[in-house]
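Q: Residue numbers (our numbering): 26 to 489.
In this text, a Cβ means the ideal position worked out from N, Cα and C, and glycines have one as well.
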Amino acid sequence: MNTTYKNIRKAVCEEIGQHSDLIASLKRFAEHNAVFYPGYGNLGDALIAVGTIDLFEDLGWAPQHVYGNHKHIFSGYSHVVMGGGGGWVKGLREGYIEQTLEFLQDGGQLLILPSSFAGFGAEFVPYANQVTIFCREQQSYDEFLKQGMPEDRIFLCPDLAFYTKEKHFSDLDIKGHYPVLKILRRDEEGICKLSPRDSVDLPLLFNGVQWSKLDECLQPLRAVAGLISQFECVETDRLHMAILSTLMGRIVKLEPSNYFKIKSVFDYTLHRFPTVSFVEHGPDYSHIEQNDYAHVRQLREAIRQLKLDQQAEWAQRAVALRQNDALSSRLEGVQEKLSETSKCLDVLSEEKQNEIRQKEGLTLRIHSLEDELKCKDREFEKVCLEKDGQFERVCQEKDRNFDQICRELAQLNTKKKEELEQVWQELEKIRSSRLHRLGESYYAIFHLPAVGALLRGVRKIILG
């Protein structure tokens, strides 16, 4: 099989993977813990989801997903990345505008992956500093600029379905045995009054699905891809059936829908594949029929939106009921805990009262001891005063006795001095007497060596 389409496919894939504005924006939102809101739609939106999942995987980003389509779906988030697609057609597909505007009014930051916009643009201008929008074709981009969107908030980038990795469908890349497979729209975007009998609108088999998981997307896509691989050529006005067929190397004859999306994507990306051609033709409806059909289409969309709103309301009610059940269960648990706490408080209260009574008893005992101590202090003070008085009297008595003794001693001392003086005088008299002098002479001779010895001998004889 001709490998030219594979080279072009690789080039477009690299263009997306190396798109500096896209990659920088995704990384910036990832740094702020942005959540991802997968797009709703048919099987074509599943192909966009696969390419988006592959891109996130290459970037190493696994964001938290947000599910649902009610008005307040983005409440509580600061940064949201919205999956790409064609859900921005005024009067036809307006499912996203209400919830995104409420999110922007609350100050949120929004990144919209490559999409087409028909009739929308002015709504985003007041929030230009909060939005980063990627268009998958030139006409949507030009319309945003005309509405006043700054150039640094709006960018061009191929549809992320082109980023789908070859490995997902490589085993189905076989030579077709049948000539033509027609996949023509039978919904409000189609311009054929009556679809050919040999046409089958495969994407409508899966509609209104929020595609988010790879396995959920690949199973139906591979089933359709297996059917496409049996044919050499695919005629379709389904954009992503054309992209899937192109990525599988089929010859594709692309026809327009009721607005510019298919032609614009062909002019921006699909025209690069030599196997893809665009066949221009007008609608089968008259002007009146187109108006009637447009009115019916709007009514259908209104009914569909009402059903979605009703489903969302039911979902909210179910959530509220579950929350009420959970709250009731929690309330019962809280009541049980309160009952247990009350019992514990009663026990603690009784223990506290016993403790208080013990403290009161101790306080009374302390007061009693204090009174006894005061009495003891008074008694001790009285005894001390008495002892002080007695001691004072004893000291005074001792002082008087001491004074008396001192006087007596003084008198004795005087008397002794007088007696000593008398003795001294008598001694002086004796010393001055002849006998004393004779005695001194005697003893002087007595101690002489020769005479003294003689005298001592005579004395011994006499005393003898």
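For Phe427, name the three-state secondary structure that DSSP assigns.
A: helix
Q: So for Gly251, helix, strand or coil by DSSP?
A: Three-state DSSP puts Gly251 in a helix.
Q: Take the Cβ of Glu260 as the centre, count every other Cβ of all protein chains shown within 10 Å, and call the residue buried at 16 or more, exposed below.
A: buried
Q: Would you call the region 96-103 and the region 200-212 touching, i.e. three or more CB-CB distances under 8 Å?
A: no
Q: Would you say Phe159 and Trp113 are within 9 Å of each other, going by their C-beta atoms?
A: With respect to Trp113, Phe159 sits apart: the two C-beta atoms are not nearer than 9 Å.
Q: What is the residue span of the alpha helix (DSSP H) that Tyr166 lies within?
A: Gln163 to Gln172
Q: Quick one: what does DSSP say Glu260 is sitting in, helix, strand or coil?
A: strand
Q: Do His90 and Tyr62 have their CB atoms nearer than 9 Å?
A: yes
Q: State buried or exposed for Arg275, treating a residue as buried only when at least 16 other CB atoms are found within 10 Å of its CB.
A: It counts as buried.
Q: Keeping to the same chain, check which residues put their C-beta closer than 7 Å to that of Phe303; ignore five residues upstream and five downstream.
A: Leu279, Lys288 and Phe291
Q: Could you spell out the range, first to last residue, of the beta strand (DSSP E) harbouring Ile158?
A: Val156 to Cys160
Q: Might you give, ordered along the chain, the residues of its own chain that have their beta carbon closer than 6 Å to the beta carbon of Thr294, omitting 5 neighbours on each side?
A: Pro183
Q: Scan the region 127-159 and note each continuous beta strand (DSSP E) run of 3 residues or more that stays entirely inside, going in chain order.
A: 134-140
Q: Between Val37 and His193, is the Cβ-Cβ spacing less than 9 Å?
A: no
Q: Leaving out five residues on either side along the sequence, give the residues of the same chain with a beta carbon under 7 Å from the beta carbon of Leu243.
A: Val75 and His193
Q: Rounded to whole angstroms, what is the Cα-Cα separation between Gly66 and Ser237?
A: 11 Å
Q: Using 10 angstroms around the beta-carbon of Pro204, count the other beta-carbons present and answer buried if the total reaches 16, otherwise exposed.
A: So Pro204 counts as exposed.
Q: Tell me, please, which residues DSSP counts as bridged to Phe303.
A: Leu279
Q: Taking the runs of the alpha helix (DSSP H) that are 4 residues or longer, which of them lie wholly in the region 28-112?
A: 29-42, 45-56 and 68-84
Q: In its own chain, which residues sit with a C-beta less than 7 Å from the C-beta of Ala147, not counting the 5 before and 5 after it?
A: Gln172
Q: Compute the distance between the beta-carbons of Ala143 and Tyr284, then report whether it is under 9 Å.
A: yes
Q: Spatial neighbours of Leu460 within its chain, please: C-beta separation below 7 Å, excluding the five flanking residues on both sides.
A: none
Q: What does the alpha-carbon distance come out to for the pair Met26 and Pro175?
A: Because Met26 sits at a pLDDT of 47, beneath the cut-off of 50, its placement in the model cannot be relied upon, and the point is left open.
Q: If I'm right that Leu264 touches Gly69 with Cβ under 8 Å, what's the distance once you round it to whole angstroms?
A: 6 Å
Q: With DSSP as the reference, label Lys485 as helix, strand or coil.
A: helix
Q: Would you report the Cα separation of Ile73 and Arg222, rounded to the nearest angstrom?
A: Going by the C-alpha atoms only, they are around 29 Å apart.
Q: By how many angstroms is the C-alpha of Asp167 removed from the C-alpha of Ala267?
A: 24 Å
Q: Determine the DSSP secondary structure at Tyr203, reduced to helix, strand or coil.
A: Under the three-state reduction of DSSP, Tyr203 is assigned to strand.
Q: Tell me, to the nearest whole angstrom, how far the beta carbon of Ala55 is from that of Trp86; I am working on the premise that it is less than 8 Å.
A: 5 Å
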